[in-house]
Structures are given as structure tokens and as C-alpha cells.
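Going by our numbering, 84 is the number at position 84 of the sequence shown; the sequence numbering is gapless. Ideal Cβ positions, reconstructed from N, Cα and C, are used throughout, including at glycine. One structure is given below, encoded as C-alpha cells.
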Amino acid sequence: MRILIVSTLLASSLFGAGTLKYTAPAGWVPKAPSSTMRLAEWTLPKAASDTEDGLVTIYFFGANMGGNAQANIDRWIGQFSQPDGKASRDVAKTSVGLSTSGLKISSVDVSGTYVAEVTPGSAEHFNKPGWRQIAALVETPGGPHFVKVIGPAATLAKWEASVTAFVKSISYQ
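See below:
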């Protein structure tokens, strides 16, 4: 395993905050973040039965930005529909726990058809049946950090233990 350190540059320069630290699991493929709000990104190589890879992203929008845990959990759940017509809220698993360093983590795990906007504010939506999302809000002294893991359900099942270990490894110093 490698230890990667990502500085929350905006928070550090404006608020004197610390640095987000975590352990990226072996097998995750790092990629260049596609926007300044993305601190880090990795590809999760697809399971044999899937046609697409998964994606792990860490977001930081600013010290008091991005909304509270419940608003984000509601939004993340709303990015899925269920093939049987059930409400995604009825099948989503939510939890509140702590990282190994004591940071509060609120998370959601939801599967179904991924129907999120292709880009924020877009009228175009994804239509990806059989997908899963594991997402977490990690409360740090420098502000909330968001971990979003999205992809085909079998791929996320393959990487689930490493995702859990990754989120629990997050610290802020």
C-alpha cells in the first residue's frame, strides 16, 4: 500500500487548515483530477463481468461549502432509481462512524440505475442500470471532504473492502 497525501490547498491558504491524509489501496489506478474541486481520483479496474471501470473521487469545495451530511446523503440517494419502482431511500444503506483518526464519517451505499445529471445543472442524465455508489462525507477541522465511489455493481463489490479501508484511513493533520 502507498500513503498519499493531498493538501487541501484552498483551506490551507485561506484558513490555516491542515492536510488530508489517507492510504490509497494497491490496485487503484491514479489519474489526474479533472477539476480543481477534485483533490484526487482513481480508476477501479472493472470486474470481469462489467464493461466499465469504477471511479473514486475526493472532493473539497471549501471550508464551509458542499452542504451537510444529510443533504448530501439525500442527493446521492436521489441519483439512483430502482427497477421495481421502490424508492431508492428504501434500499440505501446509511451509516455514521469514525475514521481511524476519529473524524466523523457519514456514508451511503445505494444501487440501482444511476440517473445523476451528466454535469451539474445539465438536463442530460446518465442511464446506467446495475450501478452502485458508495459515498461519504468526512468532517475535518478544515471543512467537509467528500469521497464518491461510482461504477458497475460487480466492480464496486470487487473493490468494496478496499473502499472501506480507504475511507477509514482518512486523517487530517
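Item: Coarse secondary structure for PHE166, derived from DSSP in three states; Value: helix
Item: Buried or exposed by the 16-neighbour rule on C-beta atoms within 10 Å, applied to LYS148; Value: buried
Item: Stretch pair the segment 57–71 + the segment 142–156: three plus CB contacts closer than 8 Å; Value: yes
Item: Pairwise C-alpha distance: TRP159 and SER81; Value: 23 Å
Item: Proximity of GLY78 and GLN173 at Cβ, strictly below 8 Å; Value: no
Item: Selected residue, minimal CA-CA separation from TRP42, among ASP90, GLY54, ASP50 and ASP84; Value: GLY54
Item: Cα-Cα separation between GLU139 and GLY130, rounded to whole angstroms; Value: 30 Å
Item: Own chain partners of SER101 with C-beta closer than 6 Å, once the 5 adjacent residues on each side are dropped; Value: SER171
Item: C-beta atoms of ALA135 and HIS125 nearer than 8 Å; Value: no
Item: Ranges of the beta strand (DSSP E) found wholly within the segment 51–125, counting only runs of at least 3; Value: 54–59, 93–98 and 104–114
Item: Whole-angstrom C-beta distance between ASP109 and ALA87, which should lie under 8 Å; Value: No, ALA87 and ASP109 are not in contact; Cβ-Cβ is about 16 Å, not under 8 Å.
Item: Segment limits, beta strand (DSSP E) that includes THR36; Value: That residue, THR36, is in no beta strand (DSSP E); it is neither H nor E in DSSP.
Item: CB of THR155 within 8 Å of CB of ALA47, strictly; Value: yes
Item: Continuous beta strand (DSSP E) stretch holding GLN173: start and end; Value: Note, GLN173: premise wrong, no beta strand (DSSP E); not H, not E.
Item: Burial state of PRO25 (16 or more Cβ within 10 Å); Value: buried
Item: Proximity of ASN72 and LEU137 at Cβ, strictly below 8 Å; Value: yes
Item: For ALA26, three-class secondary structure by DSSP; Value: coil
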